[in-house]
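Following: one structure in structure tokens, then a few remarks.
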Amino acid sequence: MKLFQYLLLAGLLTVVSCSKGTSEVEDETASMEFTEDEADFIVDAEDEDLIIEEEPLLADGAGSEPILLEEPIASSDSPIELGTDEGSYTVKKGETLMMVAFNIYGDYRKWKDLAMLNGVQGDRVAAGATIRYQKPVTPFVWNPEGLPYLIKSGDTLATISQDKYGTAAKWRSIYDNNRPLIKDPNLIFAGFTLYYIQQRDLASE
Numbered sequence: 064m065k066l067f068q069y070l071l072l073a074g075l076l077t078v079v080s081c082s083k084g085t086s087e088v089e090d091e092t093a094s095m096e097f098t099e100d101e102a103d104f105i106v107d108a109e110d111e112d113l114i115i116e117e118e119p120l121l122a123d124g125a126g127s128e129p130i131l132l133e134e135p136i137a138s139s140d141s142p143i144e145l146g147t148d149e150g151s152y153t154v155k156k157g158e159t160l161m162m163v164a165f166n167i168y169g170d171y172r173k174w175k176d177l178a179m180l181n182g183v184q185g186d187r188v189a190a191g192a193t194i195r196y197q198k199p200v201t202p203f204v205w206n207p208e209g210l211p212y213l214i215k216s217g218d219t220l221a222t223i224s225q226d227k228y229g230t231a232a233k234w235r236s237i238y239d240n241n242r243p244l245i246k247d248p249n250l251i252f253a254g255f256t257l258y259y260i261q262q263r264d265l266a267s268e
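Per our numbering, numbering of the sequence shown is gapless, rising by one per residue and ending at 268.
Put into structure tokens, the structure is as follows:
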């Protein structure tokens, strides 16, 4: 009888032990699966292709009315002919690849070409860095007229016109004076410097 009770007790202990072991394995497995999901999320979040804070900063005043054009503005762009020679450009303090591209080619949109050539992620570059570029056949030269104005976040041509001339209606004068820099009157970038003619020198519109 005692032997039977002993065997019965041993059997019950074995069942309880197995049940507990199975539960622990399930808990551990669930924990591992959660950890792996978290790891995948972290990797995805750090994907270099998703880093958008290094993209160019639009001035684009929030809530401002876009400039409506009565007729399309003829593009003054002409294809940039590139030579076979390569040059180097030393980045100055505060410059971005967009600014470097404008200084070299007169077209800020070529910043992505510079980024690809130099293995740079995004538009931001450190002061003192050397940027390689393919030299244009005709060097870009721009001698703007007027006084400088540093574009700030939230600016539009209309708000700059209002600030400098007391009316938003003279945005076209600023645009025409900065045609190499401004491809679209509704698209300007914080950090760039544009130039405006003083009120006394501006023909009445």
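Note that the Cβ used here is the ideal one computed from N, Cα and C, for glycine as well. In this text the structure is predicted, and so the values were computed from the model without any measurement.
DSSP state of residue i, grouped into three classes?
i, result
"E101", "Low per-residue confidence applies at E101: pLDDT is 35, beneath 50, and the placement is therefore not dependable, though the value from the model is reported in the following sentence. Correct three-state label for E101: helix."
"F255", "coil"
"R187", "strand"
"D170", "coil"
"L269", "In the structure displayed, the chain extends from 64 to 268; residue 269 sits before or after that span and is not available."
"L244", "coil"
"L250", "strand"
Ends of the alpha helix (DSSP H) at residue i?
i, result
"L220", "220 to 228"
"I237", "234 to 240"
Which residue comes first and which comes last in the beta strand (DSSP E) that contains residue i?
i, result
"K198", "193 to 199"
"D148", "145 to 153"
"P207", "It is not in any beta strand (DSSP E) - P207 carries neither H nor E in the DSSP assignment."
Is the beta carbon of residue i sitting closer than 7 Å to the one on residue j?
i, j, result
"P199", "I143", "yes"
"A192", "V163", "no"
"P248", "Y258", "no"
"E158", "Q197", "no"
"A189", "K156", "no"
"G169", "F203", "yes"
"D186", "L145", "no"
Just confirm the distance between the C-beta atoms of residue i and residue j, as a whole number of angstroms; I'd bet it's less than 8 Å.
i, j, result
"I251", "S236", "The Cβ separation is near 15 Å, so there is no contact."
"Y228", "Q262", "6 Å"
"N181", "I194", "6 Å"
Using 7 Å as the limit for Cβ to Cβ distance, is residue i near chain C?
i, result
"I223", "Among the chains of the structure shown, chain C does not appear; only one protein chain is present."
Does the segment 161 to 177 come within contact of the segment 221 to 228, defined as at least 3 CB pairs closer than 8 Å? No, the segment 161 to 177 is not in contact with the segment 221 to 228.
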